[in-house]
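To keep things clear, I will list the structure first and then write my remarks on it.
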Amino acid sequence: MSSEKVSFTQMKDGTKDEYLLLQKLEKPYLSLTADRILDELRRQGAVSLEGYQINRLQHGLQSATRAERDGADIDWIVGALLHDIGDGLAPQNHDRFSAEVIRPFVRWDVAWVVEHHGIFQMIYYAHHYGWDENARDEFKDHPCFNSCAEFCERWDQSSFDPDYDMAPLEHFEPMLREVFARKAYDPDVMREGFVSPLSR
Numbered sequence: 001m002s003s004e005k006v007s008f009t010q011m012k013d014g015t016k017d018e019y020l021l022l023q024k025l026e027k028p029y030l031s032l033t034a035d036r037i038l039d040e041l042r043r044q045g046a047v048s049l050e051g052y053q054i055n056r057l058q059h060g061l062q063s064a065t066r067a068e069r070d071g072a073d074i075d076w077i078v079g080a081l082l083h084d085i086g087d088g089l090a091p092q093n094h095d096r097f098s099a100e101v102i103r104p105f106v107r108w109d110v111a112w113v114v115e116h117h118g119i120f121q122m123i124y125y126a127h128h129y130g131w132d133e134n135a136r137d138e139f140k141d142h143p144c145f146n147s148c149a150e151f152c153e154r155w156d157q158s159s160f161d162p163d164y165d166m167a168p169l170e171h172f173e174p175m176l177r178e179v180f181a182r183k184a185y186d187p188d189v190m191r192e193g194f195v196s197p198l199s200r
């Protein structure tokens, strides 16, 4: 913990030097983003996915394992691993929360799919509640529509199996660290407008 502190009590009173100090002091915190995400995943392993046969961590591990075994690249694998990372703090909009966690570090189409997977998943269960199972059709003209439908079908909705041979978190840790070590919002990473295949 640094002993250096700014003098202002209102942001509008801060000087350039003070904001440069804050920027410098924030760098070590930003570099630990992957560690905080790994901590959250481990916490999800200790919290039940109420009513399901597996916990939240296992669901992410199964999704990521399926993605990797399908030949997906690192962005899709990490996206699959973290697509429900927002469940703990934002259960009502976990898809959007999860997308914001990964958005600075992955291709735009991966972030879009994670952001919208919740409404796409409704095709499997919404009719049981009297909801619109085809709500995802509002995005039918979006270039990532098929990617999201495929993501849900192949990796998300199928990953609640207690007998599935999933890889452990340690297997995915190097990939996660590689992705979160990238420069945030790098246009060469985000590749806005490019829709990538889910598997090679």
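Counting from 1, position 42 in the sequence shown corresponds to residue 42 in UniProt numbering; the numbering is continuous, with no gaps. Ideal Cβ positions, reconstructed from N, Cα and C, are used throughout, including at glycine. Note that the coordinates shown come from a computational prediction; the quantities given were computed from them, not determined experimentally.
Classification of residue i by the beta-carbon crowding that lies within 10 angstroms, buried from 16 upward
| i | result |
| --- | --- |
| residue 105 | buried |
| residue 194 | exposed |
| residue 108 | buried |
| residue 136 | buried |
| residue 10 | exposed |
| residue 83 | buried |
Best match in the options for proximity to residue i [C-alpha to C-alpha]
| i | options | result |
| --- | --- | --- |
| residue 175 | 24, 161, 75 and 83 | 75 |
| residue 26 | 4, 89 and 127 | 4 |
| residue 41 | 100, 60 and 8 | 60 |
| residue 118 | 94, 7, 140 and 73 | 94 |
| residue 177 | 21, 31 and 90 | 31 |
Own chain residues within Cβ distance below 6 Å of residue i, not counting five before or after
| i | result |
| --- | --- |
| residue 155 | 63, 66, 67 and 80 |
| residue 123 | 133 |
| residue 52 | 160 |
Own chain partners of residue i with C-beta closer than 7 Å, once the 5 adjacent residues on each side are dropped
| i | result |
| --- | --- |
| residue 33 | 180 |
| residue 14 | 6 and 8 |
| residue 185 | 104 |
Distance CB(residue i)-CB(residue j) smaller than 8 Å
| i | j | result |
| --- | --- | --- |
| residue 98 | residue 77 | no |
| residue 88 | residue 43 | yes |
| residue 153 | residue 38 | no |
Close Cβ partners of residue i (< 8 Å) along its chain, the five nearest in sequence each way excluded
| i | result |
| --- | --- |
| residue 125 | 133 |
Does the segment 137-157 touch the segment 47-56, meaning 3 or more C-beta pairs lie closer than 8 Å? Put simply, the segment 47-56 does not touch the segment 137-157. Fewer than three CB pairs are less than 8 Å apart.
Pair every Cβ in the segment 87-98 with every Cβ in the segment 106-118, then say whether three or more of these pairs are closer than 8 Å. yes
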